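Input: a single structure, listed below in structure tokens.
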Amino acid sequence: MMQLHFSPSMRSITISTNNGFIDFMKIKVAARHISYRTIFHTFLLLAFLLPFVFILTAVVTLEGVNKCSSFDCLGRRLGPRLLGRVDGSAKLVSEFYKILNQVKTDEIPDGLRLPDSFTQLVSEMQNNQYDANTFAIMLKAMIEKFEKDIRESKFAELMHKHFAASSIPKGIHCLSLRLTDEYSSNAHARKQLPPPELLPLLSDNSYYHFILSTDNILAASVVVNSAVQSSLRPEKIVFHVITDKKTYSGMHSWFALNSIAPALVEVKGIHQFDWLTRENIPVLEAVENQNGIRSYYHGNHIVGANLSDTTPRIFASKLQARSPKYISLLNHLRIYLPELFPNLEKVVFLDDDVVIQRDLSPLWDIDLEGKVNGAVETCKGEDEWVMSKRFRNYFNFSHPIIQKHLNPDECAWAYGMNVFDLHAWRRTNIREIYHSWLRKNLMSNLTMWKLGTLPPALIAFRDQVHPIDPSWHMLGLGYQEQTDVENVKNAAVIHYNGQLKPWLEIGFEHVRPFWTKYVNYSNDFIRNCHIVES
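The opening position of the sequence shown corresponds to residue 20 in this note's numbering, with each subsequent residue numbered one higher.
In structure tokens, the structure reads:
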């Protein structure tokens, strides 16, 4: 603590500090008369200077350098600061910055042996007496190596996830095989769906008609179960499940042996639709069979890829777009709904990776204002990753045809839960536009966009989309790890779009229970195929 002592005669001032030690500084005042004005100005000057001395003293102390225990020490420490001089440590840091800037553009010497850890680097510095320049080069080389290793590991992880997402889990494959076998040996598994007396309801527009296109029996069961259990009027629900020829028997067996009463369900294979002929779908036939396209979707996705010019997130989105499901006719069937269901007027189309958590009957009351497609827009929302999709995210705007006809800032919308007015749709040429753009992309060797069902649909449905409230359809549960669970609970339909499906082990654990709650794990077929709740 610093103290000032004035002599009674006011001829001297003593400054003392007491910190376990005592220093004295006596200031002799001249014998001549000192006016009170002079004393006042002296105090005024001290009052002005002392706060600055205090602040500088505090800074020196907080820097953690050697503690000063005398005015002599403080003078040595504060002197350079008061005179604007830089101390030794600051000069050392400045020199180190200079060395780092020098080696920033230097090439790493070939054959340079790098330590495996920072501890090893420090040890080698001490043993080999590295100078600052050598240390900086070693540090740069280590950081670049670690960055490269991390980057390669990330890309490898994304590839492994892609292959896992594209494969069929053993349990689901087993389920399909066992149910197919059951279809051939059990008459109950072959019974007509729905019963003959209820067939007229399949085209009754006073009912709520849902359409689901899938070859995944387990996923289909979850979609149907969740819709029925969440409905306030399940007796008014009719499900139309479309599957491929190889899955038809197993899919029919499942719904024949596992009633969803009072709701109704019909199961149809693609081969059972008379309208689906090669004459009506020539472009999709080419898409499914062209060798170049099959190689693109089933080949090695690393060969020929320049990973140095992309980021893991962009690479992940490209992998997702190369899912083999995108060349499946099942995935394109939604564009033919008016022809496949000629007697229906309004339907809700669902993807097989959704879960229904709320009664969806109000969707039939939405006035689409003459538009064909009621969908959630994906260009605005709280989640900037999931809800920031515009045309630029799907199309190659360096292509002259795309550049000429499309606007990169146009808002995209979501497939997965769509309200389709089939009556209004039949008055448009949406299907012809869809085919036309598919053909153009094929002729351009897939340079307009990488194949998928959404890009051509974004073009075909332009000016035919009516935005619906985002709470009806929450997206991103298959790729956004930071999904807010509270938002999931409040959504009417949650969509596991992305690679990390809930039936895969790589799916996100915190959102999987919203899907597994609708799986009947006590079912004999599910138990015998060792499909267990994880």
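Cβ coordinates follow ideal geometry from the N, Cα and C atoms, glycine included. Because the structure is a prediction, the values reported are computed rather than measured.
Is the segment 118–131 in contact with the segment 147–167, if contact means three or more CB pairs nearer than 8 Å? yes
Identify the continuous beta strand (DSSP E) that holds residue 227 and give its terminal residues. In the sequence shown, the residue the question calls residue 227 occupies position 208. Residue 227 -> beta strand (DSSP E) spans 227–232.
Beta-carbon separation (whole angstroms), residue 517 vs residue 497, contact threshold 8 Å: Here the question's residue 517 lines up with position 498 in the sequence shown. Here the question's residue 497 lines up with position 478 in the sequence shown. About 3 Å; that satisfies the 8 Å criterion.
Can residue 274 and residue 212 be called in contact, C-beta distance under 8 Å? Along the sequence shown, one-based indexing puts residue 274 at 255. Along the sequence shown, one-based indexing puts residue 212 at 193. Cβ atoms of residue 274 and residue 212: closer than 8 Å.
Cβ-Cβ separation, residue 475 to residue 456 (assumed contact under 8 Å), whole Å: Along the sequence shown, one-based indexing puts residue 456 at 437. Along the sequence shown, one-based indexing puts residue 475 at 456. About 5 Å; that satisfies the 8 Å criterion.
Just grab the DSSP bridge partners of residue 514 for me. Against the sequence shown, residue 514 aligns to sequence position 495. In DSSP, residue 514 forms a bridge with 373.
Residue 429 to residue 291, Cα distance in whole Å? The residue given as residue 429 occupies position 410 in the sequence shown. The residue given as residue 291 occupies position 272 in the sequence shown. If you take the alpha carbons of residue 429 and residue 291, they lie about 38 Å apart.
Endpoints, the alpha helix (DSSP H) within which residue 466 is located: The residue labelled residue 466 in the question sits at position 447 within the sequence shown. Where residue 466 is concerned, there is no enclosing alpha helix (DSSP H), given that its DSSP letter is neither H nor E.
What are the boundary residues of the beta strand (DSSP E) that includes residue 392? Indexing the sequence shown from 1 puts residue 392 at position 373. Segment 392–394, the beta strand (DSSP E) holding residue 392.
Backbone secondary structure at residue 381 - three-state DSSP: Your numbering for residue 381 matches position 362 in the sequence shown. Three-state result, residue 381: helix.
Closer than 8 Å is the cut-off here; do at least three beta carbon pairs connect the segment 456–469 with the segment 433–447? no
Is DSSP giving residue 218 helix, strand or coil here? Residue 218 sits at position 199 when you count from the first residue of the sequence shown. Residue 218 falls in the helix class under three-state DSSP.
Excluding the 5 residues preceding and the 5 following residue 554 in the sequence, name in chain order all residues of the same chain whose CB lies nearer than 6 Å to its CB. Limits of the chain in this structure are 20 at one end and 553 at the other, which puts residue 554 out of reach.
Report the three-state DSSP secondary structure of residue 444 (helix, strand or coil). Position 425 of the sequence shown, counted from the start, is the residue given in the question as residue 444. Of the three classes helix, strand and coil, the one that applies to residue 444 here is helix, per DSSP.
In chain order, what residues of the same chain lie with their CB nearer than 7 Å to the CB of residue 541, ignoring the 5 residues before and after it? Sequence index remark: in the sequence shown, residue 541 carries index 522 (1-based). Taken in chain order, the list of residues that qualify is empty.
Look at the alpha carbon of residue 137 and the alpha carbon of residue 124, and state the distance between them as a whole number of angstroms. Within the sequence shown, numbered from 1, the residue matching residue 137 stands at position 118. Within the sequence shown, numbered from 1, the residue matching residue 124 stands at position 105. Taking the straight line from one Cα to the other gives about 22 Å.
Would you grab the beta carbon distance between residue 507 and residue 530 for me? Rounded to a whole angstrom, and I think it's under 8 Å. By one-based count along the sequence shown, residue 507 stands at place 488. By one-based count along the sequence shown, residue 530 stands at place 511. The Cβ separation is near 6 Å, so the contact holds.
Report the start-end ranges of each alpha helix (DSSP H) in the segment 140–211 that is 4 residues or longer and not cut off at the edges. 151–185 and 189–204
Taking 7 Å as the cut-off, does the CB of residue 199 come closer than this to any heavy atom belonging to the ligand HEM? Absent from the structure shown: the ligand HEM. Ligands present: none.
Determine the direct distance from the alpha carbon of residue 169 to that of residue 222, and round the result to whole angstroms. Working through the sequence shown from its first residue, we reach residue 222 at position 203. Working through the sequence shown from its first residue, we reach residue 169 at position 150. Computed Cα separation, rounded: 56 Å.
Looking at residue 494 and residue 374, is the spacing between their C-beta atoms short of 8 Å? The sequence position of residue 374 within the sequence shown is 355, counting from 1. The sequence position of residue 494 within the sequence shown is 475, counting from 1. Their beta carbons are not under 8 Å apart, which means residue 374 does not touch residue 494 by this criterion.
Between which two residues does the alpha helix (DSSP H) harbouring residue 284 extend? Walking along the sequence shown from the start, residue 284 turns up at place 265. Looking at the DSSP string, residue 284 is not in any alpha helix (DSSP H); the run it does join, the beta strand (DSSP E), is 283–288.
Can you list, in chain order, the residues of its chain whose CB lies under 7 Å from that of residue 160, leaving out five sequence neighbours each side? Counting from 1 along the sequence shown, the entry for residue 160 is found at position 141. Apart from sequence neighbours up to five positions away, the residues of its chain that approach residue 160 with a beta-carbon distance below 7 Å are 127, 131 and 133, ordered along the chain.
Nearest-angstrom beta carbon gap, residue 228 and residue 363 [assumed within contact, 8 Å]: As a working note, residue 363 is residue 344 in the sequence shown. As a working note, residue 228 is residue 209 in the sequence shown. Between residue 228 and residue 363 the Cβ distance is about 6 Å, and since that is below 8 Å, they are a contact.
Nearest-angstrom Cα separation, counted from residue 358 out to residue 233: As a first step, residue 233 must be located in the sequence shown, where it is residue number 214. As a first step, residue 358 must be located in the sequence shown, where it is residue number 339. If you take the alpha carbons of residue 233 and residue 358, they lie about 18 Å apart.
Take the Cβ of residue 522 as the centre, count every other Cβ of all protein chains shown within 10 Å, and call the residue buried at 16 or more, exposed below. As a working note, residue 522 is residue 503 in the sequence shown. The residue is buried, with at least 16 neighbouring Cβ atoms inside 10 Å.
Is it true that the CB of residue 410 sits closer than 8 Å to the CB of residue 10? Examination of residue 10 is not possible in this model, given that the chain is present from 20 through 553 alone.
What first and last residue would you give for the beta strand (DSSP E) that runs through residue 258? Within the sequence shown, residue 258 is the residue found at index 239, counting from 1. Residue 258: member of the beta strand (DSSP E) spanning 256–262, first to last residue.
Span of the beta strand (DSSP E), counted from its first residue to its last, around residue 529: Numbered from 1 along the sequence shown, position 510 holds the residue referred to as residue 529. Looking at the DSSP string, residue 529 is not in any beta strand (DSSP E), and its letter there is neither H nor E.
Out of curiosity, what's the CA-to-CA distance linking residue 505 and residue 436? Here the question's residue 505 lines up with position 486 in the sequence shown. Here the question's residue 436 lines up with position 417 in the sequence shown. For residue 505 and residue 436, the distance between alpha carbons rounds to 20 Å.
Any idea which residues DSSP pairs residue 554 with across the strands? Given a span of 20 to 553 for the chain in the structure shown, any question on residue 554 remains unanswerable.
Which of helix, strand or coil does DSSP assign to residue 409? Counting from 1 along the sequence shown, the entry for residue 409 is found at position 390. Residue 409: strand per DSSP, three-state reduction.
Neighbour-count burial assignment, residue 82, 16 or more Cβ in a 10 Å radius: Working through the sequence shown from its first residue, we reach residue 82 at position 63. The predicted position of residue 82 is uncertain, since its pLDDT is 49 and thus under 50; a value taken from the coordinates is nonetheless stated next. That one is exposed.
Rounded C-alpha distance that separates residue 285 from residue 422: What you label residue 285 is simply residue 266 of the sequence shown in a count that begins at 1. What you label residue 422 is simply residue 403 of the sequence shown in a count that begins at 1. Roughly 44 Å between the two C-alpha positions.
What's the gap between the Cα of residue 454 and the Cα of residue 230? Position 435 of the sequence shown, counted from the first residue, corresponds to residue 454. Position 211 of the sequence shown, counted from the first residue, corresponds to residue 230. Those two C-alpha atoms are separated by around 22 Å.
DSSP on residue 486, reduced to helix/strand/coil? To locate residue 486, count along the sequence shown from 1; it is residue 467. Residue state for residue 486 is assigned as strand, using DSSP reduced to three classes.
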